[in-house]
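Number of protein chains: 2
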Amino acid sequence: MITGQNYIGSRRSAEGSVTYRTINPKLNTENKWECTEATKNEIDEATRLASQAFKTFRKSSPEERAAFLDAIADEIENLGDELIEVYCQESGLPQGRAQGERGRTMFQLRSFAEMLRKGNWMETAIDLAIPDREPMPKPDLRKTYIPLGPVVVFGSSNFPLAYSTAGGDTASALAAGCPVIVKSHPMHAGTGELVASAIIKAAEKTGMPNGVFSNLNSKGIEVGIQLVNDPKVKAVGFTGSIRGGRALYDIANQRPEPIPVFAEMGSINPVVISQGALESKGDSWADTYAGSITLGTGQFCTNPGLILAVDSPELDVFASRLAAKIVEIDPMCMLHPNIKRAYSNLKTEVTEQAGVTMLSNEVPTDGNFADQAVATVNGASFLENPKLHQEVFGPFSIIVKCENKEQLLKIIEGLEGQLTGTILAEDSEIPSLTDVVDELQHRVGRIIFNGVPTGVEVCPAMNHGGPYPSSTDSRFTAVGLHSIKRWIRPISYQDFPMELLPNELKNA
Amino acid sequence: MITGQNYIGSRRSAEGSVTYRTINPKLNTENKWECTEATKNEIDEATRLASQAFKTFRKSSPEERAAFLDAIADEIENLGDELIEVYCQESGLPQGRAQGERGRTMFQLRSFAEMLRKGNWMETAIDLAIPDREPMPKPDLRKTYIPLGPVVVFGSSNFPLAYSTAGGDTASALAAGCPVIVKSHPMHAGTGELVASAIIKAAEKTGMPNGVFSNLNSKGIEVGIQLVNDPKVKAVGFTGSIRGGRALYDIANQRPEPIPVFAEMGSINPVVISQGALESKGDSWADTYAGSITLGTGQFCTNPGLILAVDSPELDVFASRLAAKIVEIDPMCMLHPNIKRAYSNLKTEVTEQAGVTMLSNEVPTDGNFADQAVATVNGASFLENPKLHQEVFGPFSIIVKCENKEQLLKIIEGLEGQLTGTILAEDSEIPSLTDVVDELQHRVGRIIFNGVPTGVEVCPAMNHGGPYPSSTDSRFTAVGLHSIKRWIRPISYQDFPMELLPNELKNA
Numbered sequence: 001m002i003t004g005q006n007y008i009g010s011r012r013s014a015e016g017s018v019t020y021r022t023i024n025p026k027l028n029t030e031n032k033w034e035c036t037e038a039t040k041n042e043i044d045e046a047t048r049l050a051s052q053a054f055k056t057f058r059k060s061s062p063e064e065r066a067a068f069l070d071a072i073a074d075e076i077e078n079l080g081d082e083l084i085e086v087y088c089q090e091s092g093l094p095q096g097r098a099q100g101e102r103g104r105t106m107f108q109l110r111s112f113a114e115m116l117r118k119g120n121w122m123e124t125a126i127d128l129a130i131p132d133r134e135p136m137p138k139p140d141l142r143k144t145y146i147p148l149g150p151v152v153v154f155g156s157s158n159f160p161l162a163y164s165t166a167g168g169d170t171a172s173a174l175a176a177g178c179p180v181i182v183k184s185h186p187m188h189a190g191t192g193e194l195v196a197s198a199i200i201k202a203a204e205k206t207g208m209p210n211g212v213f214s215n216l217n218s219k220g221i222e223v224g225i226q227l228v229n230d231p232k233v234k235a236v237g238f239t240g241s242i243r244g245g246r247a248l249y250d251i252a253n254q255r256p257e258p259i260p261v262f263a264e265m266g267s268i269n270p271v272v273i274s275q276g277a278l279e280s281k282g283d284s285w286a287d288t289y290a291g292s293i294t295l296g297t298g299q300f301c302t303n304p305g306l307i308l309a310v311d312s313p314e315l316d317v318f319a320s321r322l323a324a325k326i327v328e329i330d331p332m333c334m335l336h337p338n339i340k341r342a343y344s345n346l347k348t349e350v351t352e353q354a355g356v357t358m359l360s361n362e363v364p365t366d367g368n369f370a371d372q373a374v375a376t377v378n379g380a381s382f383l384e385n386p387k388l389h390q391e392v393f394g395p396f397s398i399i400v401k402c403e404n405k406e407q408l409l410k411i412i413e414g415l416e417g418q419l420t421g422t423i424l425a426e427d428s429e430i431p432s433l434t435d436v437v438d439e440l441q442h443r444v445g446r447i448i449f450n451g452v453p454t455g456v457e458v459c460p461a462m463n464h465g466g467p468y469p470s471s472t473d474s475r476f477t478a479v480g481l482h483s484i485k486r487w488i489r490p491i492s493y494q495d496f497p498m499e500l501l502p503n504e505l506k507n508a
Numbered sequence: 001m002i003t004g005q006n007y008i009g010s011r012r013s014a015e016g017s018v019t020y021r022t023i024n025p026k027l028n029t030e031n032k033w034e035c036t037e038a039t040k041n042e043i044d045e046a047t048r049l050a051s052q053a054f055k056t057f058r059k060s061s062p063e064e065r066a067a068f069l070d071a072i073a074d075e076i077e078n079l080g081d082e083l084i085e086v087y088c089q090e091s092g093l094p095q096g097r098a099q100g101e102r103g104r105t106m107f108q109l110r111s112f113a114e115m116l117r118k119g120n121w122m123e124t125a126i127d128l129a130i131p132d133r134e135p136m137p138k139p140d141l142r143k144t145y146i147p148l149g150p151v152v153v154f155g156s157s158n159f160p161l162a163y164s165t166a167g168g169d170t171a172s173a174l175a176a177g178c179p180v181i182v183k184s185h186p187m188h189a190g191t192g193e194l195v196a197s198a199i200i201k202a203a204e205k206t207g208m209p210n211g212v213f214s215n216l217n218s219k220g221i222e223v224g225i226q227l228v229n230d231p232k233v234k235a236v237g238f239t240g241s242i243r244g245g246r247a248l249y250d251i252a253n254q255r256p257e258p259i260p261v262f263a264e265m266g267s268i269n270p271v272v273i274s275q276g277a278l279e280s281k282g283d284s285w286a287d288t289y290a291g292s293i294t295l296g297t298g299q300f301c302t303n304p305g306l307i308l309a310v311d312s313p314e315l316d317v318f319a320s321r322l323a324a325k326i327v328e329i330d331p332m333c334m335l336h337p338n339i340k341r342a343y344s345n346l347k348t349e350v351t352e353q354a355g356v357t358m359l360s361n362e363v364p365t366d367g368n369f370a371d372q373a374v375a376t377v378n379g380a381s382f383l384e385n386p387k388l389h390q391e392v393f394g395p396f397s398i399i400v401k402c403e404n405k406e407q408l409l410k411i412i413e414g415l416e417g418q419l420t421g422t423i424l425a426e427d428s429e430i431p432s433l434t435d436v437v438d439e440l441q442h443r444v445g446r447i448i449f450n451g452v453p454t455g456v457e458v459c460p461a462m463n464h465g466g467p468y469p470s471s472t473d474s475r476f477t478a479v480g481l482h483s484i485k486r487w488i489r490p491i492s493y494q495d496f497p498m499e500l501l502p503n504e505l506k507n508a
């Protein structure tokens, strides 16, 4: 049952007077549970408990943390149908998606547990002493990694489970040995509370210190700002808009002791289509991309919002077919009235720019349902107008007809940092693609050949994050097992006695 | 021969009108060569060339970059005695130190070359496709690392070779495939120009693109500020003061596209001495630390500036002996009149604080020679006075007499981030040290047992960097082979054709 209260460690608390309700975007009505925003004192208490918990939690064994993560997955499963129902009521997403995302969330938690048990994730290094080295003896040096301290997690609007309360940021931070304070997302506070209750239950069952996890409700920006400014907080994970991520990044950097902010933000995910692909498989790629652009109502950070190709009659055929196919798909509901409003406004702004032509027919929609669309523009107009480079969060994509390959390369070089880039081409064209690959890979974090950017695999070789502004720190992935590296730092032990070394550095 | 000109790529240039001379700190006179500060246009040209060079350099093979690094080491050796003479004239450091540091510099360059040839430094990951996975096929994903782009290096005052023009930052950035622009240190601009000439020669001999390296003279802060604000610059390496490092960090973070700044800054490097060590080896530790505190005239970032112990008669004996021994050492010259002035002022400020007693007798010194000193204070006074926590850059250390172990732990917990922490103890005390190790390791980047913090080994298990303000990013080391990780970022290739993959990701 949803109480609308915060978790200050394991204690439920609702001392504040600011309350709010989440919205059912399909019905455009408020959900029945009322949430209470965390007060200044409650936030203080949560960071104090986290800081205290860190002293114990940082000494926990990998096996103890693995058991905690597995228990969280189990307790999320135990929430049963209520979680799925509340998720759908707060997001407008279909039940199948809710179930899939719950599965991914549990998979992530269990993957980190498995990694901890395998014990090979830290890239330790051991350099043995050389006592008789000239002119100076070489000391014994051993390097491992230790957790940074309490982490604040800002969940995403578009993944109420997999990148929110017990999502990738929380799972990786807990795996690293960092207590977590979640700033609950106001669009799905009920879902967040249910998941938080599962984490608290798991913490109690596996003997974790009180304060290892807290969940703070918030309607506006004040809770987040206080958290990021708190000296006891040592790192921040964020998934969301460029504006929101950059604001937190700036606050964190201006602290007396700056702390890292790993913000995974916007991206338009350019797709380059070759002439060969247009000629041989134009229709099939148009159909595939109609699906990719509308997947999850276009509300994925990897949504392909920009399609680039050298102009040709085959490109026109592709564009027409994509425009025709996309409007055949049933419009779906967006996550929130604010997101629907932003989508409509941005789509209008982009399509009103000079040189932009709307290709698809208007799709009639009601309420928070999104009218998917495809537009087109020529390369010169795109190059000179930064308004066309912005992310339109939703089922929208713009096709840029480039004059020639040089212009296409220039457009890629001028793009801001992106999460992904995709190349669609025929095998016979591969030798001619080296320059496109070279330019594109230096603007993106993941590059895909003959596929779609939507769908982010959870595995060691995944990189989710790219040059700014797709993320604030391109050197770390936000998805996959290596995301744990965001929350740890190296430390060297010099000439240390075996008994005082961490287990992973002791002689075998 | 020193010309005082800048290197804008391989071209010598001195368009400006601002000139300056370096100082021979031993003689307190100006050196004869006159340097010309880089102009706005020269800086623009250097970043433009670096950006252009990056397009070629990023595609160079590891073997090509290894040959470049080896050639730099060779050309530095070829500078012969002139380099050693100019180094000594600009730093006041003895010839033996100059030769040792030159050796370290060449060793670092060659170590990175060897690492590139071995080819095992990138932590690549390959996840093969599972086409029949349910409900969705798993794509083929392969992860490697690519260079960030042009890097600006700010060398240190105290390592005119090993952490300056061709020092650790430059060597690691070039190894990664990033062009380097050095903002020459005004205290040793002649040394810097000689080394820059060696790098340019090596670049030409090994066919590197023009702009892969530039060296810009600067007297004040303007050149550095323009460089860090330049959109073509993608990362910054800095070794120096907290004030200087933080200023660059703030500029870099406020850019429209923020870039990482790896600043290795100040540290007081706490040393904890146990009662057992005081009783059994107090005299010997006092003698050892008199040497460590005065090594390099105390001008090391790992200089032990803070000694902590629980008060006892044996601590008094240790303190008296350390104070007596330290003044027996011949005073040495500091790097620059400004550094000598700052040392005198800070030492006076610290020793004038309430509760602080100067233990050592006054050492008469002339000019830029430093009067080494040891002071003492009780734990309560230290805890309440942040002025005592600051780094006094030079041969000075303060001994804190703690009331009991609890106070000692509280002092450690309250310290700002440090590069190193050291524990001196007897083997029989090891079981009782776990709490000290636990607190200390969370404040430092390297922890030493029964040794001195001065002396930083170049090897994979070395970590040089710690929590802020000892460095701006505790997740990366500034010394050792892993320092290359500062200049690269991950990228994933999904379902990519073999021919278009980087070599390290191709099927064997």
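These protein sequence lines are chains A and B, in that order.
Sequential numbering from 1 applies to the first sequence in the working numbering.
Sequential numbering from 1 applies to the second sequence in the working numbering.
All C-beta atoms in this analysis are idealised placements derived from N, C-alpha and C, irrespective of residue type, glycine included.
**Asked** Along chain E, which residues have their Cβ under 7 Å away from the Cβ of residue 459(A)?
**Response** The structure shown has no chain E; the protein chains it does contain are A and B.
**residue 311(A) to residue 446(A) span [Cα, whole Å]** = 26 Å
**Residues within the region 266–298 of chain B neighbouring chain A, beta-carbon criterion of under 9 Å** = none
**Message:** If the cut-off is 8 Å on Cβ atoms, which residues from the region 427–444 of chain A count as contacting chain B, listed in chain order?
**Reply:** 427, 430, 431, 433, 434, 437, 438, 441, 442, 444
**Request:** Could you please give the first and the last residue of the uninterrupted alpha helix (DSSP H) stretch that includes residue 127(A)?
**Result:** It is not in any alpha helix (DSSP H) - residue 127(A) instead sits in the beta strand (DSSP E) that spans 125–127.
**Prompt:** Just how far apart, CA to CA, sit residue 411(A) and residue 421(A)?
**Reply:** 13 Å
**Request:** Return no unless some Cβ of chain B is closer than 8 Å to the Cβ of residue 30(A).
**Result:** Chain B, which has no Cβ nearer than 8 Å to the Cβ of residue 30(A), makes this no.
**Chain-ordered chain B contacts of residue 343(A) [CB-CB under 7 Å]** = The premise fails here: residue 343(A) is roughly 25 Å from chain B at the closest Cβ pair, so nothing lies under 7 Å.
**Message:** Our contact map puts residue 105(A) next to residue 124(A) with C-beta atoms below 8 Å; I'd like the distance itself, whole angstroms only.
**Reply:** Not a contact, Cβ separation roughly 29 Å.
**Per-residue burial, residue 45(B) [other beta carbons within 10 Å of its own, 16 or more giving buried]** = buried
**Whole-angstrom distance between residue 70(B) and residue 510(A), CA atom to CA atom** = Since the first residue of chain A shown is 1 and the last is 508, residue 510(A) is not available in this structure.
**Message:** Against chain A, which members of the region 66–90 of chain B pass a CB distance test of less than 7 Å?
**Reply:** none
**Request:** Name, in chain order, the residues that DSSP records as bridge partners for residue 498(A).
**Result:** Answer is none; residue 498(A) lacks a bridge partner.
**Prompt:** Quick one: what's got a C-beta closer than 8 Å to residue 159(A)'s C-beta in the same chain, skipping five residues either side?
**Reply:** 101, 167, 239
**Message:** Less than 6 Å between C-beta atoms, sequence neighbours within five positions excluded: which residues of the same chain meet that for residue 112(A)?
**Reply:** Cβ within range, chain order: 69, 171, 175.
**Message:** So that I know if they touch, is there some Cβ in chain B lying closer than 8 Å to that of residue 477(A)?
**Reply:** yes
**Request:** Output, in chain order, the set of chain A residues within a Cβ distance shorter than 8 Å of residue 500(B).
**Result:** 430, 433, 434, 437, 449
**Message:** If I follow the unbroken beta strand (DSSP E) through residue 202(B), where does it start and stop?
**Reply:** Run containing residue 202(B): none in the beta strand (DSSP E); it sits in the alpha helix (DSSP H), 189–205.
**Request:** Give the residues from the region 226–245 of chain B that approach chain A closer than 9 Å (Cβ to any Cβ), ordered along the chain.
**Result:** 234
**Message:** Is there a Cβ of chain A sitting closer than 8 Å to that of residue 490(B), yes or no?
**Reply:** yes
**Message:** Using the Cβ count rule (16 or more neighbours within 10 Å means buried), how would you classify residue 211(B)?
**Reply:** Residue 211(B) should be labelled buried.
**Request:** Consider the Cβ of residue 146(A): report whether some Cβ of chain B lies at a distance smaller than 8 Å.
**Result:** yes
**Request:** Please decide whether residue 106(B) counts as near chain A, where near means a Cβ-Cβ distance under 8 Å.
**Result:** no
**Message:** Quick check: the Cα distance between residue 2(B) and residue 193(B), rounded to an integer number of angstroms?
**Reply:** 7 Å
**Prompt:** If you run the structure through DSSP and keep just helix, strand and coil, what is residue 16(A)?
**Reply:** In the structure shown, residue 16(A) sits in coil (DSSP, three-state: anything other than H, G, I, E or B).
**Asked** Should the region 266–277 of chain B be called in touch with the region 353–373 of chain B, which here means at least 3 C-beta pairs below 8 Å?
**Response** no
**Request:** Would you kindly report the start and end of the unbroken beta strand (DSSP E) that includes residue 231(B)?
**Result:** Note, residue 231(B): premise wrong, no beta strand (DSSP E); not H, not E.
**Item:** Close Cβ partners of residue 73(A) (< 6 Å) along its chain, the five nearest in sequence each way excluded
**Value:** 106, 109, 110
**Message:** Strictly under 8 Å for the Cβ-Cβ distance: is residue 463(B) near chain A by that measure?
**Reply:** When Cβ-Cβ separations below 8 Å define contact, residue 463(B) makes contact with chain A.
**Message:** What does the alpha-carbon distance come out to for the pair residue 425(B) and residue 332(B)?
**Reply:** Cα atoms of residue 425(B) and residue 332(B): separation of roughly 31 Å, rounded to the nearest angstrom.
**Asked** Are at least three pairs of beta-carbons, each pair with one atom in the region 334–347 of chain A and one in the region 90–98 of chain A, less than 8 Å apart?
**Response** The region 334–347 of chain A makes contact with the region 90–98 of chain A, as at least three CB pairs between them are under 8 Å.
**Asked** Do the CB positions of residue 38(B) and residue 78(B) come within less than 8 Å of each other?
**Response** no
**Message:** Under 8 Å, Cβ to Cβ, is there at least one residue of chain B near residue 495(A)?
**Reply:** At a cut-off of 8 Å between beta-carbon atoms, residue 495(A) makes contact with chain B.
**Message:** As a quick exercise: from 60(B), 300(B), 257(B), 131(B), pick the residue whose alpha carbon is nearest that of residue 162(B).
**Reply:** 300(B)
**Prompt:** Does the region 397–416 of chain B come close enough to the region 309–325 of chain B to have 3 or more Cβ pairs within less than 8 Å?
**Reply:** yes
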